[in-house]
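Using my numbering, the first residue of the sequence shown is number 3, and each one after it goes up by one. Glycine included, C-beta positions come from ideal geometry on N, C-alpha and C. Heads up, the thing below is written out as structure tokens.
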Amino acid sequence: MTPDRPAGAGVWHQGSPWWDAKSVLVTRPIAPGRIATTPHLVIPAEHGRLNFLLSSYGVEAEQLAHDPRVVIQPGDWRGRPALNTRQQYGTVYIVRDARLAARVYEAMRIKYGARTALARMAHRFTHGSVPYGDLVAFVDVHPNPPRMLTR
């Protein structure tokens, strides 16, 4: 693993929008007719996919396990949509694997530097001893919307 190609990263010409993003906004359905948007630190994966970490005790992981449809968009460092970007539809697959989570965290540390430590510290401050980043979310990006998020 090198700084210019972290573990879990694949073909760069396909993942470059995710590599260049300061954050990615993940919008998910939370109830019929309601959605929630959460900014995440992400790394690109093979075939245009992207990865981010979740807590197994978080409501977001539970909601994504129940309904894996998401809308994703590159964001700025404040977690707002980045200029000249568009939303894309995707499907989330959640994996519980400690080794994979450690590799994704290390790749995020390489990409984001001190922001990963700040994210972990903020999580510990707000959630106490709840695990941080023990789940890995893989997002398959779809070229066309498979279904609408609202029901």
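Residues near residue i in its chain [Cβ-Cβ closer than 7 Å; skip 5 each side]
| i | result |
| --- | --- |
| ARG51 | PHE140, VAL141, ASP142, VAL143 |
| THR40 | VAL28, GLU62 |
| ALA121 | LEU43 |
Inter-residue spacing [alpha-carbon to alpha-carbon] between residue i and residue j
| i | j | result |
| --- | --- | --- |
| VAL28 | TRP20 | 12 Å |
| LEU85 | ASP78 | 8 Å |
| THR118 | ARG111 | 6 Å |
| ASN53 | HIS125 | 18 Å |
| VAL106 | LEU56 | 11 Å |
| THR87 | SER58 | 30 Å |
| ALA38 | PRO83 | 14 Å |
| GLU48 | ARG36 | 31 Å |
| GLU108 | VAL44 | 11 Å |
| PRO76 | ALA23 | 5 Å |
Assumed close pair residue i, residue j - CB separation to whole angstroms, cut-off 8 Å
| i | j | result |
| --- | --- | --- |
| THR60 | ILE74 | The sequence shown places Gly at residue 60, not Thr. In fact, because the Cβ distance is near 18 Å, the residues do not count as touching under 8 Å. |
| ASP136 | ARG101 | That belief does not hold up - the Cβ atoms of ASP136 and ARG101 are roughly 12 Å apart, past 8 Å. |
Candidates the options, of which the one nearest residue i by Cα
| i | options | result |
| --- | --- | --- |
| ASP69 | ALA121, ILE96, THR118 | ILE96 |
| HIS42 | PRO133, VAL132, TYR114, ASN146 | TYR114 |
| ARG30 | GLY81, ALA121, GLU64 | GLU64 |
| SER25 | PRO46, ILE32, ALA33 | PRO46 |
| ALA104 | ALA33, PRO133, ALA23 | PRO133 |
Contacts around residue i, its chain only, beta-carbon distance under 6 Å, and the 5 residues preceding and following it disregarded
| i | result |
| --- | --- |
| VAL94 | LEU66, PRO70, VAL72, ALA139, VAL141 |
| GLY81 | SER25, PRO41 |
Same chain, Cβ closer than 8 Å to residue i, neighbours up to 5 away in sequence not counted
| i | result |
| --- | --- |
| ASN146 | TYR91 |
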